[in-house]
Amino acid sequence: MRRLDVSIELSGSEVSIGQITGNDARDAGFAYADAYLASDHAQPVSISLPLREEPFSPAETAAFFDGLLPEGFTRRSVAKWLRSGADDYLSLLAGLGSECLGAVRITEGADEPAEAAYRKIEPCRIKELAAEGAVESSQMVVESHLSLTGASGKVGLYYDGQNDEWYLPVGDAPSTHIIKQSHIRLDNIITNEQMVLMTASKLGIEVPHSFIIDLGSGRDGEILFASKRYDRDQMSDRLVDGLARPYRKHQEDLAQAMGIPAISKYEEPGDEHFSRIAELIRNHSSDPITDIRKLWETTVFNWLIGNTDNHIKNISLIYSTDLRTVRLAPAYDLISTAVYPSSTHNMAFNIGGKYSIDDIDRTAWSRAAKDIGMGTGYALDLIDQMTEKLPDALNTSAEELCDGGFIQAPDIRNRILSIADMRRMH
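Quick note: to get our numbering, add 361 to the position in the sequence shown (first position is 1).
Below, the structure written as structure tokens:
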């Protein structure tokens, strides 16, 4: 029988909240600790795991906790480093749970955790991270005991902006940025993502601050994508190795919040993810009207720029430091997938009954507005406003990137504009 201890950071202090016990994924269940349930600060770790005395089933437990782990090749690479199976999520959590998305930390055994520290990363290793692919990022993930969701090669690092230096967090030291690699995915995907995020910001969509780390000529294999973690608050009153140690803020993606395993992040007919997301926001957000509008605008933006990877693990909730209030998190992982011929034309969830991005028209959007409880006229006006403003925002973003040395930006811009022009005819 294994026991993994689960804690969460509340207003800067780590609090034990419960345990996962079981032999393996088939019988492992999470239960809140009696002391935590009796405390004044007790709040659920997930909307899908409400406060109660009874343990949660293996399926309920895995939907949230397995959802903290990497997917795909990164998961298999990390499992190899840890000498465990990719399906053994308890062992992966035990090895990676010191630094997860959000404020959760997971440990196993009575050993004292490694002291919090930040180890400076030499420029040569940053170059290796850009050049070597997911194997190098997987090694860094294991070294820092850090778990980030998703299938792409990425790692959490600490950035000292004043001195332009990067650090690997160890022990319980939090990271400040998520770093993604480029060439192991699709051509110019980092330039694509940065341009799309810049464009979204110009259109009033809240996104994390991000930038491209250029280690050569701005081409794949020589660049990295850096995104500031919205689930970290920089606080200068706590220092680790002379660096300000940030507070963790809890977050969960919509798959975790709805109790859906990562393998089911793309909607199957009948799932109705869009309306379920809106219902969840309406029931749990401290500002549901604003958050449903944010959800609508981000979904419309994905349609306009041709992003069909808008699944429910790419939408998250962010909690206050005391876990008492929740809001829709800033939009992230925004790229134009449609510029790549190999990408699917099906959206990750249906819009008014339509899956193909080419079939979604004004009628479908009208039905979608009703599905999530928005006024049709108001919702369609928001589409018209964004459609009108998109070309200027995209052109400006491309020019800024091109001026910064990323000469592929105009070509990606032109391909996105051609996609957006097709949407105008709808």
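By construction, the Cβ of each residue, glycine as well, lies at the ideal position given by its N, Cα and C atoms. Since the structure is predicted, the reported quantities are computational estimates derived from the model, not experimental observations.
How many Å lie between SER697 and ASP782 at the Cα?
14 Å
Note down the Cα distance separating ASP742 from MET735, rounded to an integer number of angstroms.
12 Å
Contact between the region 524-538 and the region 740-754 is defined here as three or more beta-carbon pairs at a separation below 8 Å; is this criterion met?
no
Applying the criterion that 16 or more other CB atoms from any shown protein chain within 10 Å of the CB defines a buried residue, is MET786 buried or exposed?
Legend: pLDDT at MET786 = 49, less than 50; position of this residue unreliable, no value from coordinates given.
Have a look at TYR608 and LEU518 and give me their C-alpha separation to the nearest angstrom.
15 Å
Assuming GLY383 is part of the beta strand (DSSP E), what are its boundary residues?
374-383
Cβ-based burial, ILE402 [other Cβ within 10 Å; buried from 16]:
The question names Ile, yet the displayed sequence has His at residue 402. Under this definition HIS402 is an exposed residue.
Which value, in whole angstroms, describes the spacing of the CA atoms of LEU684 and ARG444?
35 Å
Short of 6 Å in beta carbon distance, which residues of its chain neighbour ALA699, apart from the five on each side in sequence? Order them along the chain.
GLY667 and ILE780
If you reduce the DSSP assignment to three classes, tell me which class GLY631 lands in.
coil
To the nearest angstrom, how far is it from the Cα of THR705 to the Cα of TYR716?
10 Å
What residue range is occupied by the uninterrupted alpha helix (DSSP H) comprising ASN524?
Premise fails: ASN524 is in no alpha helix (DSSP H) and is neither H nor E.
State the DSSP-derived secondary structure class of HIS538, mapped to helix, strand or coil.
strand
So if DSSP puts LYS715 in a beta bridge, which residue, or which two residues, is it bridged to?
ILE712
What residue range does the alpha helix (DSSP H) around ASP614 cover?
Segment 612-614 is the beta strand (DSSP E) holding ASP614; no alpha helix (DSSP H) there.
Expected contact under 8 Å - CB spacing of TRP664 and ALA740 to nearest Å
Not really, about 13 Å apart at Cβ, beyond 8 Å.
Could you please give the first and the last residue of the uninterrupted beta strand (DSSP E) stretch that includes TYR591?
Careful: TYR591 lies outside any beta strand (DSSP E) and carries neither H nor E.
Boundaries of the beta strand (DSSP E) in which ARG363 is found, first to last residue:
363-371
Going by beta-carbon coordinates alone, are GLY390 and ILE381 separated by less than 9 Å?
yes
Less than 9 Å between the beta carbons of GLU339 and PHE710, yes or no?
Missing from the structure shown is residue 339; the chain here goes from 362 to 787 and no further.
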